[in-house]
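See structure below.
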Amino acid sequence: MNSNKVRFGCRQDGRPMDALELPPWAHGDPYEFVYRMREALESDYVSLNLHHWIDLIFGYKQRGKDAISALNVFNWHSYEDLDKNHTGNVDQKLLIDSLDNIGQTPIQLFTKPHGERCAVEWVDPLRCTLDMKTVAIHAFCARVARVAILDHERVLVMCGNGTILLYRLLVSPVMRRVERSLNAHRAASSPTCNANSANANGSFSGKHSTGAAVSSVVAQASSYLLGMVSGTASSVSPRELADNTAFQRPSLDIVEEFEQRVPPLPLGMIPNTDEKSGGPCETENVAVLSLGNEVFVAIGGLFDNSIMIRHLTSTIAIPDERLHAHYDRVVLVAASADSKYLVSGAEDTTFIVWSCHYQRQMEKPCIELLFAVYGHEDNPTAVSVCPAVDIVATASRDGVLMLHSLSNCRLERSLRHPSRFSIDRVLIQASCYLPNILYTSAVDNVIHQVSINGVTLRSVAAPGRITGWCTTPKQSLLITTAPLTNTSASEEGCGMLHFMHAFYLNVVKSVQCPLFTPGDTLATCAVHALNPQIVVCGSAHGTLSLLRLVSPPE
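If you count the sequence shown from 1, position 131 lands on 255 in this note's numbering, and the numbers rise without skipping.
Encoded structure:
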């Protein structure tokens, strides 16, 4: 869709090049076209057949008898070496015109068949039977404000009173070996996928918004992109496990004795304005920074309108640092996934973006003010920052969502909630094949999805009252919910963990999480940055819940 009216030139018949004609399976939606094309190009099927393409373009099938048998022969002047022998017999203008229209063959890099990619990766937890293990830590933590999974198989627990606990995780990841198979895409031929498969015209008969149709589209698009590269039927079989005995032991467990403990904050340092039990620290005003090999915790809400930086992993005593920039109490603190940026929001209606790096010589973090956001007219309610898409998203109680660029510190666009409700949560999904931004309000519990350019994609009702959410390494979104209606105090506590499709926002799998205390709910969740099997949740009454794989994929 050439909505910006970019001039792409003209065809040979003089007609101007304008909008792209989308294939039927894109349903006229350019965003779905981009998502499915990226899904196809980055699929296992393409990865396992990529060596055939390398052989054709850069390898041994580029020239000689192998090129002839592969029907990979072009005009002689497109080859780098051959055109030098015929330069004197050919008009240079005709040669240049031919190269402009046909192109030039790349330099031959390999003279032997390229090796096949043998991928070994974690089993997608969505293909397995899941359950939750609940561990009580209320003796040390009355309320879990935030959990964060560190890179080295440790989980950080931030308690409501400011206590920081560090636990060791026992991870036994279940791996799968991606192999070629003559049974091309068994998943695409299942009854579920047949209901959404393409008909003779190439269009889908079922709902294109469901995730079931995607696998068949991947097979079609991948085959289309590869063409006749391999010459033989090839696919991936996700059923292959490297070790079937992996399910005889828990995929995730925890050492219930904490490895390290940082004492709580002094009483009154953070005013408990909401009078919540367990302390004043909230998920929204706590962020974790991993700089170098050190871990720091940024805490807002302090009485002096500052941000406290607490050191966690150092063996030497390092005093807490303070960041002063706001003129009112800091209520929001968020960090980017790479810990290079920290964003704070205060009741003075301003947001401040900080740049972070670690000073090894001084053994302390260096956090400097990058720029401030002054455009909001009401108290801040949500923030999310993502360097991968160069965006920091800030929201306020009046329903305004602002997107600023991290690189040039300028406002890119400003949006507003469709119903002008307060925007209470914002999440940037950079790992999705089509990066997008989600926001929701506690008033109606509807998840709104917009593109990076601010175009509304869809709005979906949440499967409950959202209490926490985060992205995963796969194409899914993790959401913890509580019942929409108020439950009785005598009822057993129970939280729900939902995996939603990152683009279509349909619920793919739900896991019930039993909790010990009546009325308890899940308050926060975290997923490992690389391994989607490591999921840890924290509850409002001091428990940790671990997601575990209990049976292999069907």
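No residue lacks a Cβ here, since even glycine has one placed at the ideal position from N, Cα and C.
Since this is a predicted model, take the numbers as computed values, not measurements.
Please go through the same chain and pick out, in chain order, the residues whose beta-carbon is closer than 6 Å to the beta-carbon of residue i, but skip the five residues on each side of it.
i: residue 669; result: 256, 258, 637 and 661
i: residue 403; result: 284 and 285
i: residue 557; result: 159, 162 and 163
i: residue 543; result: none
i: residue 585; result: 570
i: residue 596; result: 602, 651 and 656
i: residue 408; result: 456
i: residue 433; result: 420, 422 and 445
i: residue 503; result: 471 and 521
Judging by CA-CA distance, which residue of the options is the nearest neighbour of residue i?
i: residue 388; options: 300, 468 and 289; result: 289
i: residue 203; options: 222, 551 and 217; result: 222
i: residue 650; options: 165, 135 and 270; result: 270
i: residue 641; options: 653, 619, 629 and 548; result: 619
i: residue 507; options: 239, 549 and 190; result: 549
i: residue 127; options: 142, 137 and 665; result: 142
i: residue 628; options: 512, 600 and 276; result: 600
i: residue 536; options: 521, 635, 517 and 553; result: 517
i: residue 416; options: 436, 426 and 132; result: 436
i: residue 484; options: 262, 390, 189 and 418; result: 418
i: residue 626; options: 396, 378 and 583; result: 583
i: residue 489; options: 477, 464 and 563; result: 464
i: residue 527; options: 480, 475, 567 and 217; result: 475
i: residue 672; options: 383, 458, 296 and 511; result: 296
i: residue 454; options: 139, 593 and 505; result: 505
i: residue 291; options: 224, 630 and 380; result: 380
i: residue 426; options: 275, 395, 406 and 235; result: 395
Using a Cβ-based criterion (distance less than 7 Å to any ligand heavy atom), does residue i qualify as near the ligand NAP?
i: residue 639; result: Among the components modelled here there is no ligand, and therefore nothing to report on the ligand NAP.
Tell me residue i's beta-bridge partners as DSSP assigns them.
i: residue 483; result: 488
i: residue 245; result: 300
i: residue 415; result: 418
i: residue 131; result: According to DSSP, residue 131 bridges with nothing at all.
i: residue 435; result: 420
If you run the structure through DSSP and keep just helix, strand and coil, what is residue i?
i: residue 161; result: helix
i: residue 531; result: coil
i: residue 188; result: helix
i: residue 445; result: strand
i: residue 278; result: strand
i: residue 263; result: coil
i: residue 465; result: strand
i: residue 250; result: helix
i: residue 498; result: coil
i: residue 295; result: strand
i: residue 557; result: coil
i: residue 150; result: helix
i: residue 351; result: Confidence at residue 351 is low in this model, with a pLDDT of 39, below 50, so the placement of that residue should be treated as unreliable; the coordinate-derived value is given next. Correct three-state label for residue 351: coil.
i: residue 512; result: helix
i: residue 155; result: helix
i: residue 358; result: Confidence is the limiting factor: at residue 358 the pLDDT is only 32, short of 50, which leaves the residue's position unreliable, though a coordinate-based value still follows. Correct three-state label for residue 358: coil.
i: residue 238; result: coil
i: residue 430; result: strand
i: residue 202; result: helix
i: residue 583; result: strand
i: residue 193; result: helix
i: residue 288; result: strand
i: residue 673; result: strand
Taking the alpha helix (DSSP H) that residue i falls in, what are its first and last residues?
i: residue 180; result: 168 to 181
i: residue 225; result: 216 to 226
Starting from residue i and walking both ways along the beta strand (DSSP E), at which residues does that stretch end?
i: residue 422; result: 418 to 423
i: residue 648; result: 646 to 651
i: residue 253; result: 253 to 260
i: residue 573; result: 570 to 575
i: residue 593; result: 589 to 595
i: residue 405; result: Neither: residue 405 is in no beta strand (DSSP E) and is coded neither H nor E.
i: residue 231; result: From DSSP, residue 231 is part of no beta strand (DSSP E); its letter is neither H nor E.
i: residue 639; result: Neither: residue 639 is in no beta strand (DSSP E) and is coded neither H nor E.
i: residue 384; result: 384 to 386
i: residue 625; result: 618 to 625
i: residue 456; result: 454 to 459
i: residue 142; result: Per DSSP, residue 142 belongs to no beta strand (DSSP E) and is neither H nor E.
Given residue i, which residues of its chain have a CB within under 8 Å of its CB, disregarding the five upstream and five downstream residues?
i: residue 191; result: 185 and 197
i: residue 155; result: 558, 575, 579 and 581
i: residue 314; result: Any answer about residue 314 is weak, because its pLDDT of 43 lies below 50 and its placement is not dependable; what the coordinates show is given next. There are no such residues.
i: residue 353; result: Low local confidence applies: a pLDDT of 37 at residue 353 is under 50, so the model's placement there is unreliable, with the coordinate-based value given in what follows. Once the five neighbours on either side are set aside, the close Cβ partners of residue 353 are 173, 176, 177 and 180.
Going by beta carbon distance, what residues of the same chain come within less than 7 Å of residue i, once the five residues before and after it are set aside?
i: residue 524; result: 500, 538 and 540
i: residue 265; result: 281, 283, 287, 289 and 666
i: residue 605; result: 586, 587, 588, 589, 590, 591, 620 and 622
i: residue 449; result: 476 and 493
i: residue 250; result: 600, 623, 632 and 633
i: residue 452; result: 429, 470, 471 and 472
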